[in-house]
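Per our numbering, the sequence shown starts with residue 173, numbered consecutively.
Only one structure is covered here, and it is reproduced in the block below.
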Amino acid sequence: MKPAIVFSHQETKHPIQAQRIDILSALFLVCAIFFLPAGTDSDSLNSLAIVFISIVLEAIPFMFLGALIGGFIEAFVSRERLTAMLPQKGWRTVCVAAAAGILFPVCECAVVPVVRRLIGKGLPLSAAIGYLLAGPIVNPVVAASTALAYAFNWRVVALRLVLGYTIAVIIGLAMGRIFNATTALTNPALRMADAPLPCGCMHSPVEIDPSDPHLVTPSGSFGRMDLTMVQEHGCGCSPAEAEENDWMGKMGSAFCHAQADFLAVGHYLVIGAFVAALAQTYIQRSAFLTITGVPFLAVGLMMVLAVLLNLCSEADAFIAASLQGFMPLSAQMAFMLTGPMFDLKLLLMYGGIFRRRAIVSLAVLILLVVFGVSVGLEGIGGGRP
173 MKPAIVFSHQ ETKHPIQAQR IDILSALFLV CAIFFLPAGT DSDSLNSLAI VFISIVLEAI
233 PFMFLGALIG GFIEAFVSRE RLTAMLPQKG WRTVCVAAAA GILFPVCECA VVPVVRRLIG
293 KGLPLSAAIG YLLAGPIVNP VVAASTALAY AFNWRVVALR LVLGYTIAVI IGLAMGRIFN
353 ATTALTNPAL RMADAPLPCG CMHSPVEIDP SDPHLVTPSG SFGRMDLTMV QEHGCGCSPA
413 EAEENDWMGK MGSAFCHAQA DFLAVGHYLV IGAFVAALAQ TYIQRSAFLT ITGVPFLAVG
473 LMMVLAVLLN LCSEADAFIA ASLQGFMPLS AQMAFMLTGP MFDLKLLLMY GGIFRRRAIV
533 SLAVLILLVV FGVSVGLEGI GGGRP
């Protein structure tokens, strides 16, 4: 007898993801142990601590706000409402979807599962990619955090939002030309959306053995009560409780999603802030003269840094702004555009939606377009604050 498919919301870390987090944590500790003795005087250590703490304290409120908004959108905003707002065909769908982050602001950590479910509901691939890439940049929370990080320099804020939107639309249209849902998605069944339960939880398919006597009715078939037994909610509620109290169930689900998103990326902020603090404290500005003198070298370095640091879009502006004395604005912009679209954590998360060939194509397009736009920004004289 073939195993049956039911839905579970229990989240487990992929072995590769868990191993990657362990490696990053180990590297962080090694760097801390190596660099701290370098501060032979208390002034350098004090400077390191002040810069590190200031970056973290400035960024955490925006990370928390973004995670909270994403959690409430996940629980309270139906996919039907989202898709009803979008044109059904053509390039206009991509343009509207890329701007949807203004109404539904989520960071890149929360946008991936949202996009997965939108694709499952029937959203065109090109529009889904447009929202996937632009949503974490073109939203009011990121605009506010960028404004605060750059001392309310609205030119920097406008550049980030406009360039992020334009890049997302270009890549969304390009991916729509190259791929269709069948060739891009990991499983065509993704287009059949998982049904949300009353609590707002979404369930991913898992296999169970129908021969288990605890999971079948006396007649030998699955019944509603039996499925309830194997449905596991990340928010801790049960289907019966959710049906009795719909609003409270959704509230629990919203806070659960917000907590998971916040904790999932918090350690990346700490690592990124520590690296930025080390750069400001121990690296002489003269060491960057060669790099900053060649725009494409500075842009490339900041793009690599964005991929490695895995920062949340609500926090990365504080890291970029802390490097204003070292890097031109074009390189800072490359950092703030690359991270929300492609980094190591997103590489793994994209694997839950796209096939390998689609991920490679998406990554190449993101890196090439961001690099070209950032170097072009320097070329037209917009690379300096």
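No residue lacks a Cβ here, since even glycine has one placed at the ideal position from N, Cα and C.
- Leu-295 sits in coil when the DSSP states are folded into three classes, being neither helix nor strand.
- With 16 or more neighbouring CB atoms inside 10 Å of its own CB, Ala-492 falls in the buried class.
- Annotated three-state conformation of Phe-526 is strand, per DSSP.
- Straight-line spacing of the CA atoms in Val-287 and Leu-217 works out to 43 Å.
- Leu-357 sits in a strand when the DSSP states are folded into three classes.
- Distances from the CA of Ile-222 to each of Phe-434, Thr-265, Thr-453 were compared; the closest alpha carbon is that of Thr-453.
- Closest option to Ile-350, judged by alpha-carbon separation, among Ala-530, Phe-236, Ala-487: Ala-530.
- DSSP places Glu-486 outside both helix and strand once states are collapsed to three, so it counts as coil.
- By the 16-neighbour rule on beta-carbons within 10 angstroms, Val-228 is buried.
- Of the other Cβ atoms in all chains shown, fewer than 16 fall within 10 Å of the Cβ of Val-532; this residue is therefore exposed.
- DSSP, read as helix, strand or coil, puts Val-249 in coil.
- Between the C-alpha atoms of Leu-290 and Arg-253 there is a straight-line separation of about 11 Å.
- Sequence-distant partners of Gly-294 (beyond 5 residues in either direction) whose C-beta falls short of 6 Å from its own C-beta are missing from its chain.
- A Cβ-Cβ distance of about 6 Å is found for the pair Val-541 and Ile-343, placing them in contact under the 8 Å criterion.
- Considering only Leu-516, Met-474, Asp-515, Phe-526, the residue with the shortest C-alpha distance to Leu-501 is Met-474.
- Between Asp-433 and Ile-241, the alpha-carbon positions lie close to 11 Å from each other.
- In the same chain as Pro-259, and ignoring 5 residues on each side of it, the C-beta atoms closer than 7 Å to its own belong to Thr-265, Val-268, in chain order.
- Rounded to the nearest whole angstrom, the CA to CA distance from Met-505 to Gly-421 is 40 Å.
- Per DSSP, the continuous alpha helix (DSSP H) segment holding Tyr-337 begins and ends at 326-350.
- Gly-551 is the residue among Ala-306, Gly-444, Gly-551, Leu-509 whose C-alpha sits nearest the C-alpha of Val-466.
- Taking the Cα of Gly-302 as reference, the smallest distance to any Cα among Thr-318, Ala-272, Ala-316 is reached at Ala-272.
- CA-to-CA, the gap between Leu-335 and Val-545 works out to about 8 Å.
- Contact between Ser-298 and Gly-348 holds: their C-beta atoms lie close to 3 Å from each other, under 8 Å.
- Annotation for Phe-244: Ala-426 place their beta carbon closer than 6 Å to its own, counting only its chain and skipping 5 residues before and after.
- For Val-313, the CB contacts under 7 Å within the same chain, skipping 5 residues up- and downstream, are Phe-234, Leu-237, Gly-238, Ile-241, Pro-277, Glu-486 in chain order.
- Secondary structure note for Cys-267: its alpha helix (DSSP H) is the uninterrupted segment 263-270.
- If you ignore the 5 residues before and after Ile-463, its C-beta comes within less than 7 Å of the C-beta of Leu-469, Ala-470, Leu-473, all in its own chain and listed in chain order.
- Excluding its 5 nearest sequence neighbours in each direction, Thr-318 has C-beta neighbours in its own chain below 6 Å: Val-329, Arg-332, Ala-489, listed in chain order.
- Each residue's CA atom was taken as its position, placing Phe-224 and Tyr-322 some 17 Å apart.
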